[in-house]
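Scroll down for the structure; my scribbles are underneath it.
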Amino acid sequence: MNELVKQPAIAVPMEDSRPIAAMGERDKRESRAATVVFTSGLGLLSIYVLWLGRYLWFFFDEWNRIAVRYRGHLLTPHNDHLTLLPTLVWQAFERTFGIGSYTPYRLVGLMIYVACVAALYWYLRRRVTPGLACFLALIFAWFSRAEESSSGLRR
1102 MNELVKQPAI
1112 AVPMEDSRPI
1122 AAMGERDKRE
1132 SRAATVVFTS
1142 GLGLLSIYVL
1152 WLGRYLWFFF
1162 DEWNRIAVRY
1172 RGHLLTPHND
1182 HLTLLPTLVW
1192 QAFERTFGIG
1202 SYTPYRLVGL
1212 MIYVACVAAL
1222 YWYLRRRVTP
1232 GLACFLALIF
1242 AWFSRAEESS
1252 SGLRR
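Heads up: the sequence shown begins at 1102 in my numbering, then just goes up one per residue.
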């Protein structure tokens, strides 16, 4: 019987996909340095965004959540969209912090943004060198439109 023998695909291991123990000393230093630079850059961005938005207050749809909707009605649609999870988070924050300061609300958005950029960095590290992953993730973090909305540079 003629059976087809499948050849396994040739896998070329990525330089950074090796376990830390198998990496050379130079690779470990480069990896650590990239992580330190990335963490510092993201920390500076967070401080900058908090400083830029220090005078922000509730805006547009947020007043709709405060004044009109969601008083015990979790399934009330917002612009014809179900927003159950954001409504639960909003109500928890409103009960915990009140509406005297906008900072706790901004911190939640900033933490989500930082988590997404960190996930991008760790994803890129598996595919390119740590230095390039750091550079690309920081470029995305500093120059994306999401940073503008987090900082209050609304257009």
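All residues carry an ideal CB built from backbone N, CA and C; glycine is no exception.
Owing to the predicted nature of the structure, the values given are computational and were not obtained by experimental measurement.
Subject >> Cβ-Cβ separation, Ala1234 to Leu1225 (assumed contact under 8 Å), whole Å >> reply: As a first step, residue 1225 must be located in the sequence shown, where it is residue number 124. As a first step, residue 1234 must be located in the sequence shown, where it is residue number 133. Right, their Cβ atoms sit about 4 Å apart.
Original post:
Hey, would you say the C-beta of Asp1128 is under 7 Å away from at least one heavy atom of the ligand MG?
Top reply: No copy of the ligand MG appears in this structure; indeed no ligand is present at all.
Subject >> Backbone CA spacing between Pro1264 and Phe1159 [nearest angstrom] >> reply: Absent from the model: residue 1264. The displayed extent of the chain is 1102 to 1256, so no value can be given.
Original post:
Rounded to the nearest angstrom, how far is the Cβ of Arg1207 from that of Gly1154, given a contact under 8 Å?
Top reply: Within the sequence shown, numbered from 1, the residue matching residue 1207 stands at position 106. Within the sequence shown, numbered from 1, the residue matching residue 1154 stands at position 53. That pair is a contact at about 6 Å.
**OP:** Excluding the 5 residues preceding and the 5 following Arg1228 in the sequence, name in chain order all residues of the same chain whose CB lies nearer than 6 Å to its CB.
**Re:** Numbered from its first residue, the sequence shown carries residue 1228 at position 127. Excluding sequence neighbours, Arg1228 sits near nothing in its chain.
Original post:
Ordered along the chain, which non-local residues of its own chain (more than five positions away) have a Cβ less than 7 Å from that of Val1218?
Top reply: Translated into positions along the sequence shown, residue 1218 becomes position 117. The answer, listed in chain order, is Leu1143, Ala1238, Phe1241, Ala1242.
**OP:** Provide the residue span of the alpha helix (DSSP H) that contains Tyr1083, from first to last.
**Re:** Any property of residue 1083 remains undetermined from this structure, which presents the chain solely from 1102 to 1256.
Original post:
For Ser1132, does the count of other Cβ atoms within 10 angstroms reach 16, so buried, or fall short, so exposed?
Top reply: As a position in the sequence shown, residue 1132 is number 31, starting the count at 1. Buried.
**OP:** Using a threshold of 8 Å, state whether the C-beta atoms of Val1150 and Leu1189 are closer than that.
**Re:** Numbered from its first residue, the sequence shown carries residue 1150 at position 49. Numbered from its first residue, the sequence shown carries residue 1189 at position 88. In this structure, Leu1189 does not lie closer than 8 Å to Val1150 by Cβ.
**OP:** Can you tell me the Cβ-Cβ gap for Tyr1222 and Phe1139, rounded? I've got them flagged as a contact below 8 Å.
**Re:** Counting from 1 along the sequence shown, the entry for residue 1222 is found at position 121. Counting from 1 along the sequence shown, the entry for residue 1139 is found at position 38. Tyr1222 to Phe1139, Cβ: 6 Å. Contact.
**OP:** Would you decide whether Thr1204 is buried or exposed? Buried here means 16 or more other CB atoms lie within 10 Å of its CB.
**Re:** In the sequence shown, counting from the first residue as 1, residue 1204 sits at position 103. Here Thr1204 is exposed: its Cβ has fewer than 16 other Cβ atoms, across all protein chains shown, within 10 Å.
Original post:
Is the distance from the Cβ of Leu1186 to the Cβ of Leu1176 below 8 Å?
Top reply: Position 85 of the sequence shown, counted from the first residue, corresponds to residue 1186. Position 75 of the sequence shown, counted from the first residue, corresponds to residue 1176. No, the Cβ-Cβ distance between Leu1186 and Leu1176 is not below 8 Å.
Subject >> For Val1137 and Gly1201, the rounded distance between their alpha carbons >> reply: Reading the sequence shown from its first residue, position 100 is the one you call residue 1201. Reading the sequence shown from its first residue, position 36 is the one you call residue 1137. For Gly1201 and Val1137, the distance between alpha carbons rounds to 36 Å.
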